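Each residue of the sequence shown is one higher than the one before, starting from -1 at the first, in my numbering.
Where a beta carbon is used, it is the ideal one built from N, C-alpha and C, also for glycine.
Just so it is clear, the structure is predicted and the values come from calculations on it, not from any experiment.
First comes the structure, then the notes that go with it.
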Amino acid sequence: MSADDRVARSTFSGRIQPMSRHRQLAVLPRRTWSDDEWRRIQLGYLARDMDEKWDVFAEGSVVFLHRSWTGVGFFEVTFAPADDSDWRISQAVVRRERFDVIRRLISRGSRSEDEFYCGVLESVLSAVASANRPENSE
């Protein structure tokens, strides 16, 4: 995917919806992303079919993650330089769910709700960074 193929808010033709209720995520991913991975995250990601759950786009240092079926905003993530060549998440907000589905899933394990969302966030962003690799890379 080239910079010309960047996924932007305008890609969605008004289909995306902002988060109406949200809260600060207290637990953030500890991992860092290289400059190259950060560039690939900034290209965004458009779900190709119904099995893919996330649409992702960036505006400056903020990355927006929306549910692909509904367009509902779920995460807004701010990146900041971690050192000379890495990037980290400096803050994130998550949609405040009205339903207890997530809480029921989490109550079966040992993770907190924020730890659960932290894992989801890191997984999706890592997948986006991998999906936007040039065709000739390994």
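Candidates Phe72, Pro16, Lys51, Val5: which alpha carbon is nearest Gly58's?
Val5
Trp67 (DSSP reduced to helix, strand or coil)
coil
Below 8 Å between beta carbons: does that hold for Asp53 and Ser66?
yes
Please go through the same chain and pick out, in chain order, the residues whose beta-carbon is closer than 7 Å to the beta-carbon of His20, but skip the five residues on each side of it.
Val91, Val92, Arg93, Arg94
Please confirm whether Arg38 and Val126 have their CB atoms less than 8 Å apart.
yes
8 Å CB neighbourhood of Asp15 in its chain, flanking five on each side removed:
Looking at the sequence provided, one finds Gln at residue 15 rather than Asp. Closer than 8 Å at Cβ, skipping near neighbours: His64, Thr68, Gly69, Val70, Gly71.
What distance in whole Å lies between the Cβ atoms of Ser121 and Asp84, which are believed to be in contact at a cut-off of 8 Å?
That pair is no contact at about 19 Å.
Classification of Val61 by the beta-carbon crowding that lies within 10 angstroms, buried from 16 upward
buried
Ser121 - DSSP class collapsed to helix/strand/coil
helix
Exposure of Ser135, with buried meaning 16 or more beta-carbon neighbours within 10 Å
Any reading at Ser135 must be qualified, since the residue scores a pLDDT of 47, below 50, and its modelled position is unreliable; the value itself is stated next. Burial call: exposed.
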